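Visitor: Before I ask anything, let me first share the structure, which is written out below as structure tokens.
Residue numbers (our numbering): 1 to 111.
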């Protein structure tokens, strides 16, 4: 039982650290990155910095908004089933012929 709790806490903190580093890599400062991920993953409301109570998440670009949306989804789902099922879901999607045809359509549309 103790190891299950430790696994949950470890995945929780590693998810936060990973998403904060993604936000930092996209050009946000540390306070804004950390507080926006904490606010999104816990569904807590406003953060600090650029996403503080005096402003909103409208200052983020589209990539940063998608990262915050992923954090919100991750916060609403259970961590352990999500991370355990993710490789299986990705393998199923990658093996799907529909995905191959959609990808071929996207590539042909760009050229």
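Using N, Cα and C, we set each Cβ at its ideal position, and we do this for glycine too. Bear in mind the structure is a predicted one, so any value in this text is a computation, not a measurement.
Establish whether the CB of residue 43 and some CB of chain D are separated by less than 8 Å.
Guide: The structure shown contains no chain D; it holds only a single protein chain.
Visitor: Whose C-beta lies closer than 7 Å to the C-beta of residue 35 among residues of the same chain, with five residues either side of it excluded?
Guide: Cβ neighbours of residue 35 beyond the five flanking positions: 47, 48, 49 and 51.
Visitor: Among 26, 56, 20 and 59, which residue has its Cα nearest to the Cα of residue 41?
Guide: Residue 20 is the option with its Cα nearest to residue 41.
Visitor: With a floor of 4 residues, list each alpha helix (DSSP H) that falls wholly inside the segment 23-82, ordered by position along the chain.
Guide: Correct list: 30-41 and 62-76.
Visitor: Between residue 7 and residue 37, how many whole angstroms is the CB-CB distance? I'm expecting something under 8 Å.
Guide: Contact doesn't hold; Cβ gap of about 20 Å is too wide.
Visitor: If you compare alpha carbons, which of 5, 29 and 9 is closest to residue 60?
Guide: Per the Cα distances, 29.
Visitor: Given residue 76, which residues of its chain have a CB within under 8 Å of its CB, disregarding the five upstream and five downstream residues?
Guide: Around residue 76: 43.
Visitor: Cα-Cα, which of 5, 26, 65 and 25 is closest to residue 39?
Guide: Taking only the C-alpha atoms, the option nearest residue 39 is 65.
Visitor: Less than 8 Å between the beta carbons of residue 74 and residue 26, yes or no?
Guide: No; because the gap between Cβ atoms is not below 8 Å, this pair is not in contact.
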